[in-house]
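*Asks:* I'd like to ask you about the structure that follows.
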Amino acid sequence: SRRDVLGGCVNTGAVHDFAELHEDAKEAAVARIAKVMEAGDTEQQKRAIERLVLLSAREQADAIADHLHDEPSVLREAAARALGSIGRREQVALLETSFEREADVATRIAIAQASGQLGGKEAGRFLGRVIGVPRRGVSQLLDGIGAASTLRSPALLSLLPEATALSREALFGEDLPSRLGRWALGGGALGGRHEHDGERAVQLAGVAAAALGERLEPVPALIGLLEDRDGEVRAAAAHALRLITNVTYRIDWAEGDDAERARGLARWQAAWSRSKRAARPAWLVMGFRAEGYEVPSIDRRHLWELVRATTGGDHLSYNAQRLLERITKHQPPSLEWSKNDACQHWLSWLKKRRESFDLDAPPKKVTRACYSPAF
13 SRRDVLGGCV NTGAVHDFAE LHEDAKEAAV ARIAKVMEAG DTEQQKRAIE RLVLLSAREQ
73 ADAIADHLHD EPSVLREAAA RALGSIGRRE QVALLETSFE READVATRIA IAQASGQLGG
133 KEAGRFLGRV IGVPRRGVSQ LLDGIGAAST LRSPALLSLL PEATALSREA LFGEDLPSRL
193 GRWALGGGAL GGRHEHDGER AVQLAGVAAA ALGERLEPVP ALIGLLEDRD GEVRAAAAHA
253 LRLITNVTYR IDWAEGDDAE RARGLARWQA AWSRSKRAAR PAWLVMGFRA EGYEVPSIDR
313 RHLWELVRAT TGGDHLSYNA QRLLERITKH QPPSLEWSKN DACQHWLSWL KKRRESFDLD
373 APPKKVTRAC YSPAF
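For the sequence shown, the positions run 13 to 387 when our numbering is used.
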């Protein structure tokens, strides 16, 4: 309906020729909201930016980017978050420039997240700098950050079984600001204890963005964080490395002893030195094969084995599902489901379309994996 369309709803499935799509009404609404974004009071402008995101008004990305210079900072934060959703990859450079002059912690976090969402080589390089060289002298408190992370996903929360609740929230944004504040200030009320608290929050946001950015550029900085004095930070960095590279060395980075962590760090450093020129697909293949999955290359010939891998380790399941999406051009919300449910969906969906992908019947080991009891 018109009301649904103006609320951001999108038609799916078959759309008949006689259906009224209300495109003119949507265009008029976008134009009206864009005027409010330019001329309203602060709260109206912020809500207008959020509304343009809801309506996927990508043509307004440049106008939204102009608000990266605004006062108060809440508008700069809203603009950065909006660009992460409806911006263009070439706007990463603009976000990076804004980051360098930005003093507000919330806005710096939003810029890091937006860059990760837009992706690409420049975003990967930028996030590596965010992770590896956190800015000194940021004294803003963490209260008032006030926006749930745009990187939230129930499925991604399940990919951190060994990390603490804080690491989950810091990575994936469930009430990110207040949780980071409690962590930075030792669990008490916010009160401006140290200038580096905000700096660490920004760094963790960079780790989170890199984890989902699927780029190799941040890897050296993440390896460096494996030496951090804070176990939660080490665990977050290790988790990001697993998602990006599909490789794990099964080290308890949060609480493992110094000798164990030193061995793990040496292995990561050696692996990166040996393979840093390899493209990410080569890392993905290495990770799958190391865990016994027969995926010698990333293409449709190995779709069934990727389906089987959806029930594997958390990083394997994540990367298998992402590859299945890309190869098949099918994007179900399977990362929000249990591994067994995701496996069963992909098994069923591909069985119905075997001829389209030139696949034989699924091997029994794939079926067994999808229907084995979940633990």
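Ideal Cβ positions, reconstructed from N, Cα and C, are used throughout, including at glycine.
Between which two residues does the alpha helix (DSSP H) holding T340 run?
*Replies:* D326 to T340 is the span of the alpha helix (DSSP H), which, as asked, contains T340.
*Asks:* Would you mind giving the Cβ-Cβ distance between L80 and S127, rounded to the nearest angstrom? I have them listed as a contact below 8 Å.
*Replies:* At roughly 12 Å, the Cβ-Cβ gap does not stay under 8 Å, so L80 and S127 are not in contact.
*Asks:* Determine the DSSP secondary structure at A159, reduced to helix, strand or coil.
*Replies:* With a pLDDT of 32 at A159, under the threshold of 50, the predicted position of this residue should be treated as unreliable, and no value is reported.
*Asks:* Within a Cβ cutoff of 7 Å, which residues of the same chain sit near A233, ignoring the five residues on either side of it in sequence?
*Replies:* Answer for A233: G140, I143 and G144, listed in chain order.
*Asks:* Between the region 73–88 and the region 53–62, do three or more beta carbon pairs fall short of 8 Å?
*Replies:* Touching, yes, given that three or more Cβ pairs across the two stretches are closer than 8 Å.
*Asks:* Buried or exposed for W103, going by 16 or more other Cβ atoms inside 10 Å?
*Replies:* Looking at the sequence shown, residue 103 is not Trp but Gln. Looking at its Cβ environment, which holds 16 or more other Cβ atoms inside 10 Å, Q103 is buried.
*Asks:* Pull up the distance between the alpha-carbon of D29 and that of K47, whole angstroms please.
*Replies:* Rounded to the nearest angstrom, the two C-alpha atoms are 32 Å apart.
*Asks:* Pull up the distance between the alpha-carbon of A122 and that of R292, whole angstroms please.
*Replies:* So the two alpha carbons sit approximately 26 Å from each other.
*Asks:* If you follow the alpha helix (DSSP H) that C21 is in, where does it begin and where does it stop?
*Replies:* Run containing C21: none; DSSP gives neither H nor E here.
*Asks:* What residue ranges within the region 246–298 form continuous alpha helix (DSSP H) runs of no fewer than 4 residues, ordered along the chain?
*Replies:* For the region 246–298, whole alpha helix (DSSP H) runs of length 4 or above, ordered along the chain, are 270–287.
*Asks:* Just to confirm before moving on: does the CB-CB distance between T379 and K351 stay below 8 Å?
*Replies:* No, Cβ-Cβ distance for T379 and K351 is not below 8 Å.
*Asks:* Exposed or buried, which one is P230 when buried takes at least 16 other CB atoms within 10 Å?
*Replies:* Burial call: buried.
*Asks:* At the level of alpha carbons, what is the spacing between S13 and H34?
*Replies:* When rounded, the distance between both Cα atoms is 8 Å.
*Asks:* Let me know if G20 comes out buried or exposed under the rule of 16 or more other beta-carbons within 10 Å of its beta-carbon.
*Replies:* It is exposed - the Cβ of G20 has fewer than 16 other Cβ atoms within 10 Å.
*Asks:* Could you tell me whether the Cβ atoms of A41 and L67 are closer together than 8 Å?
*Replies:* For A41 and L67, yes; Cβs fall inside 8 Å.
*Asks:* With a 10 Å radius around its C-beta and 16 neighbouring C-beta atoms as the bar for buried, classify N23 as buried or exposed.
*Replies:* Under this definition N23 is an exposed residue.
*Asks:* Would you mind working out which of S287, R301 and P345 sits nearest G324, comparing C-alpha positions?
*Replies:* Ranking S287, R301 and P345 by Cα distance to G324 puts R301 first.
*Asks:* Rounded to whole angstroms, what's the CA-CA distance from K376 to W316? Just pull it up for me.
*Replies:* Roughly 10 Å separates the two Cα atoms.
*Asks:* With the cut-off set at 8 Å, would you say V319 and I310 are in Cβ contact?
*Replies:* It is not a contact, given that the beta carbons lie outside the stated cut-off.
*Asks:* Which first and last residues belong to the alpha helix (DSSP H) in which I310 is found?
*Replies:* First-last for I310: undefined, no H or E at that position.
*Asks:* Quick check on the burial criterion: 16 or more other C-beta atoms within 10 angstroms. Buried or exposed for E32?
*Replies:* E32 is exposed by the Cβ-count criterion.
*Asks:* Among the candidates P345, Q215 and H357, whose CA atom is the shortest distance from the CA of L237?
*Replies:* Ranking P345, Q215 and H357 by Cα distance to L237 puts Q215 first.
*Asks:* Using the Cβ count rule (16 or more neighbours within 10 Å means buried), how would you classify E207?
*Replies:* Any answer about E207 is weak, because its pLDDT of 45 lies below 50 and its placement is not dependable; what the coordinates show is given next. The residue is exposed, with fewer than 16 neighbouring Cβ atoms inside 10 Å.
*Asks:* Where Q57 and Q72 are concerned, what is the direct C-alpha to C-alpha distance, given to the nearest angstrom?
*Replies:* C-alpha separation (whole angstroms): 14 Å.
*Asks:* Does DSSP classify S346 as helix, strand or coil?
*Replies:* In this structure, S346 counts as helix in the three-state DSSP scheme.
*Asks:* Going by alpha carbons, who is nearest to R312 out of E303, H327, A332 and W295?
*Replies:* Answer by Cα proximity: A332.
*Asks:* Please report the distance separating the alpha-carbon of G210 from that of A37.
*Replies:* Rounded to whole angstroms, G210 to A37 spans 43 Å at the Cα level.
*Asks:* Could you give the first and the last residue of the continuous alpha helix (DSSP H) run that contains F138?
*Replies:* Per DSSP, F138 belongs to the alpha helix (DSSP H) from K133 to G144.
*Asks:* Mind checking whether R70 and G131 have CB atoms under 8 Å apart?
*Replies:* No; because the gap between Cβ atoms is not below 8 Å, this pair is not in contact.
*Asks:* Helix, strand or coil, according to DSSP, for E108 in the structure here?
*Replies:* Helix at E108.
*Asks:* Buried or exposed: where does R241 fall if 16 or more other Cβ atoms within 10 Å of its Cβ makes it buried?
*Replies:* When all chains shown are included, R241 counts as exposed.
*Asks:* In whole angstroms, what separates the C-alpha of H327 from that of E134?
*Replies:* So the alpha carbons of these two residues sit roughly 24 Å apart.
*Asks:* Where D372 and C355 are concerned, what is the direct C-alpha to C-alpha distance, given to the nearest angstrom?
*Replies:* Rounded to the nearest angstrom, the two C-alpha atoms are 17 Å apart.
*Asks:* Output the boundary residues of the alpha helix (DSSP H) element that contains E55.
*Replies:* First-last of the alpha helix (DSSP H) with E55: T54 to L66.
*Asks:* Do you know offhand how far G96's Cα is from K363's?
*Replies:* Between G96 and K363, the C-alpha separation is close to 36 Å.
*Asks:* Helix, strand or coil, according to DSSP, for G243 in the structure here?
*Replies:* Here G243 sits in helix by DSSP.
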